[in-house]
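S.K.: Numbering (my numbering), first residue to last: 70 to 226.
Cβ atoms here follow ideal geometry from the backbone N, Cα and C, with glycine treated the same way.
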């Protein structure tokens with residue numbers, strides 16, 4: 070019965086992420102779109118930390134996303150509203166969620182979830198704050214400060 074709960078929960082979270090991916094098609098900046106999509110994974114991460122009864126469904130969905138994000142790169146047909154040529158960041162992102170979810174489940178799944186939240190929220194804050202200051206993509210101290218503040222708050226919790 071627990072696996073059925075995990076599967077239904079994962080399907081619900083899957084829909085949230087897919088709807089977010091589709092919604093970002095309306096926006097023009099792929100760097101901002103990537104951050105919005107990152108944020109859509111937060112409910113999945115919190116569910117991993119507190120609701121999932123075992124790691125395998127979460128892991129399977131993370132692997133599914135990894136494969137589905139890798140295929141357009143391999144075919145040289147990136148989803149232009151959030152994927153960039155020769156930039157596999159979103160593939161590494163989902164692959165790291167898969168690895169963390171499985172490796173750390175029995176060690177400390179809260180720690181695994183916090184690591185995922187650092188990526189999802191911290192990296193999003195970095196990109197979104199930086200995009201408000203710089204007109205083109207680049208590094209800026211404001212992004213690092215935003216990530217430090219967000220990750221410190223998450224870590225303090």
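Residue 100 and residue 200 look like a contact to me (Cβ under 8 Å); what is the Cβ gap, rounded to whole Å?
M.R.: Contact holds; Cβ gap of about 6 Å.
S.K.: Could you please give the first and the last residue of the uninterrupted alpha helix (DSSP H) stretch that includes residue 146?
M.R.: First-last for residue 146: undefined, no H or E at that position.
S.K.: May I ask you to report which of helix, strand or coil DSSP gives residue 156?
M.R.: DSSP places residue 156 in strand when its eight states are reduced to three.
S.K.: At what residues does the alpha helix (DSSP H) containing residue 226 begin and finish?
M.R.: No alpha helix (DSSP H) contains residue 226, which DSSP labels as neither H nor E.
S.K.: Quick one: give me the first and last residue of the alpha helix (DSSP H) that residue 182 is part of.
M.R.: Residue 182 -> alpha helix (DSSP H) spans 174 to 186.
S.K.: Can you confirm whether the region 125 to 138 touches the region 153 to 163 when touching is taken to mean that 3 or more C-beta pairs between the two stretches lie within less than 8 Å?
M.R.: A contact exists between the region 153 to 163 and the region 125 to 138.
S.K.: What three-state label does DSSP hand residue 122 in the structure shown?
M.R.: Residue state, collapsed to three classes: coil.
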